[in-house]
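Working notes for the structure below.
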Amino acid sequence: YSMQYKNAHKVCKAVKELDKKIVTFMGGAHPTALPKETLEDENVDLVVIGEGEHTTQELINAIKTGSDISAIDGIGFKENNRIIINPKTKFIDDLNTLPFPARHLLPMEKYFKINLPHGVSSRFSPNTPVITSRGCPANCIFCSIHGIWGYRYRPRSVDNVIEELKMLKNKYGVREIQFEDDNITFDKNRAKELFDRMIKEKLNLSWTTPNGVAMWSLDKELLIKMKESGCYKLCLAFESGDQEMLTKTIHKPLDLGKTKDLMRWINELGFETDAFFVVGFPEETPKQLENTFNFAARLKTDNVSFYIATPYPGTELYTQCKNAGYLPKDFSWESLGVKKATISNKYMSAEEIEKLVAYNTLKHKINLMWRNPYSFYRKVIRRFFKTPKHFIALAKKLIKNLKQK
Numbered sequence: 335y336s337m338q339y340k341n342a343h344k345v346c347k348a349v350k351e352l353d354k355k356i357v358t359f360m361g362g363a364h365p366t367a368l369p370k371e372t373l374e375d376e377n378v379d380l381v382v383i384g385e386g387e388h389t390t391q392e393l394i395n396a397i398k399t400g401s402d403i404s405a406i407d408g409i410g411f412k413e414n415n416r417i418i419i420n421p422k423t424k425f426i427d428d429l430n431t432l433p434f435p436a437r438h439l440l441p442m443e444k445y446f447k448i449n450l451p452h453g454v455s456s457r458f459s460p461n462t463p464v465i466t467s468r469g470c471p472a473n474c475i476f477c478s479i480h481g482i483w484g485y486r487y488r489p490r491s492v493d494n495v496i497e498e499l500k501m502l503k504n505k506y507g508v509r510e511i512q513f514e515d516d517n518i519t520f521d522k523n524r525a526k527e528l529f530d531r532m533i534k535e536k537l538n539l540s541w542t543t544p545n546g547v548a549m550w551s552l553d554k555e556l557l558i559k560m561k562e563s564g565c566y567k568l569c570l571a572f573e574s575g576d577q578e579m580l581t582k583t584i585h586k587p588l589d590l591g592k593t594k595d596l597m598r599w600i601n602e603l604g605f606e607t608d609a610f611f612v613v614g615f616p617e618e619t620p621k622q623l624e625n626t627f628n629f630a631a632r633l634k635t636d637n638v639s640f641y642i643a644t645p646y647p648g649t650e651l652y653t654q655c656k657n658a659g660y661l662p663k664d665f666s667w668e669s670l671g672v673k674k675a676t677i678s679n680k681y682m683s684a685e686e687i688e689k690l691v692a693y694n695t696l697k698h699k700i701n702l703m704w705r706n707p708y709s710f711y712r713k714v715i716r717r718f719f720k721t722p723k724h725f726i727a728l729a730k731k732l733i734k735n736l737k738q739k
């Protein structure tokens, strides 16, 4: 991630200080969006652009044999003091050809012991993430994933996914899965087939969707299959409670008017719910911001997560902010964070946006406490005993928000 780019460069520097002959290369969202800037560091030799399995293998083989790398797709390199970028043009069509992640090379028992999955909370341990598809045809203004996975939706076969889930359960004793797909329900028929197989195979795995789901693809039949196959929590990426913001600014294909029935079905089926919203866009008016906060309050979900619009490199939002002069003079990549306002917009300062988010987050927590005290305190106690250090950090943040208010 961009906020860690300096640390990555420090690692490359340390490697070169150890032995200048060691070849260093970087990959991920930041180098993919800014390959030239990344390669301006004398300690970085190569950049892998986008998904890297095939490219990295091809690159390593070429380095080992001393072959020419200039024709390799999706890399950046240096030649005669020049930086040369080969754009990414090839994506992996058949994800089934990839082996499962090499978990046997990792100290999995340590990850299970720490138990801090994406989304922080979980019901069961051991738990681990799984990705069943790549690519997202949506075009949300703040998202940088297209540089890595592209726009074309590419799913693994249901058989391939089931095989990995069985392996995780039998080899590692995994009891819960975080499906990290950008849109696991994008293809409704494929999603139904996957969940039906999970039920048929009696995997008895609990699972969640920490990256959210394509809400426009959900219907009652699909939700029932999700519940029966082990899903207990839905992260719902509304992004905004103002339809104009969704359509004209964020470019998310979601009709808020159709979410009322959806939320009723979700609540009837007993899912835990977390609603995601992104606020503080350059042209967002105070009224539109108010619409989002009010919409979030009416949902009565178990949790609401307000994130601040962040101009990550490679996003349309970054391009807009840069061209319109919204980036502050002291802008730096390591200052980015979805809970910290990087930009002031047309109507509010960055500090005002941060305070509004902090206030409405606190307001939601208080409303939840009064609306369902048993559920609230049960989660608080569970969080404390599961991850006490993280709980203390959250408590400190809450006290800070109270002082600001």
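Quick note on the numbering used here: the sequence shown kicks off at 335 and runs consecutively. Glycine residues also receive a C-beta, built at the ideal position from the N, C-alpha and C atoms.
Residue i classed as buried or exposed, judged by whether at least 16 other C-beta atoms fall within 10 angstroms
i: T431; result: exposed
i: F434; result: exposed
i: S666; result: exposed
i: P620; result: exposed
i: I394; result: exposed
i: Q338; result: exposed
i: Q391; result: exposed
i: R509; result: buried
i: S401; result: exposed
Which listed residue (the options) has its alpha carbon closest to that of residue i
i: T760; options: K680, D379, D553, Y646; result: Outside the shown range of the chain (335 to 739) lies residue 760, about which nothing can therefore be said.
i: S563; options: T399, L373, N538; result: N538
i: L568; options: Y445, L588, E497, T519; result: T519
i: T462; options: N449, C470, K673, I479; result: N449
i: I419; options: V495, L373, D589; result: L373
i: D407; options: A363, I383, N395; result: I383
i: A472; options: I403, S551, G591; result: S551
i: I496; options: R486, R488, I511, Y487; result: I511
i: F629; options: P365, T390, H698; result: H698
i: V357; options: A436, N694, P544, F411; result: F411
i: P578; options: D595, F615, M560; result: For the sequence presented, residue 578 should be read as Glu rather than Pro. Closest option to E578, Cα to Cα, is F615.
i: G659; options: I677, Y646, Q622; result: I677
i: V381; options: P365, A396, D375; result: P365
Where residue i falls: helix, strand or coil (DSSP)
i: G410; result: strand
i: L440; result: coil
i: C474; result: coil
i: E498; result: helix
i: F640; result: strand
i: R486; result: coil
i: F446; result: helix
i: L380; result: strand
i: Y566; result: strand
i: S467; result: strand
i: S336; result: helix
i: N679; result: coil
i: A628; result: In the sequence on display, residue 628 carries Asn and not Ala. If DSSP states are grouped into helix, strand and coil, N628 belongs with the helices.
i: H802; result: Because the chain is modelled from 335 through 739, residue 802 falls outside the range shown and cannot be assessed.
Opposing strand residues paired with residue i [DSSP bridges]
i: R416; result: E413
i: E685; result: Its beta-bridge partners do not exist; DSSP assigns none.
i: I511; result: T462, W541
i: A571; result: F610
i: M360; result: V381
i: V547; result: L570
Check whether the segment 412 to 423 and the segment 506 to 517 touch, using three or more Cβ-Cβ pairs below 8 Å as the test.
No contact exists between the segment 412 to 423 and the segment 506 to 517.
With three or more C-beta pairs closer than 8 Å as the rule, is the segment 565 to 583 touching the segment 604 to 618?
By the Cβ rule, the segment 604 to 618 counts as touching the segment 565 to 583, because three or more pairs are nearer than 8 Å.
Would you call the segment 677 to 688 and the segment 346 to 354 in contact, with 3 or more CB pairs under 8 Å?
By the C-beta criterion, the segment 677 to 688 is judged not to be in contact with the segment 346 to 354, since fewer than 3 inter-stretch pairs fall below 8 Å.
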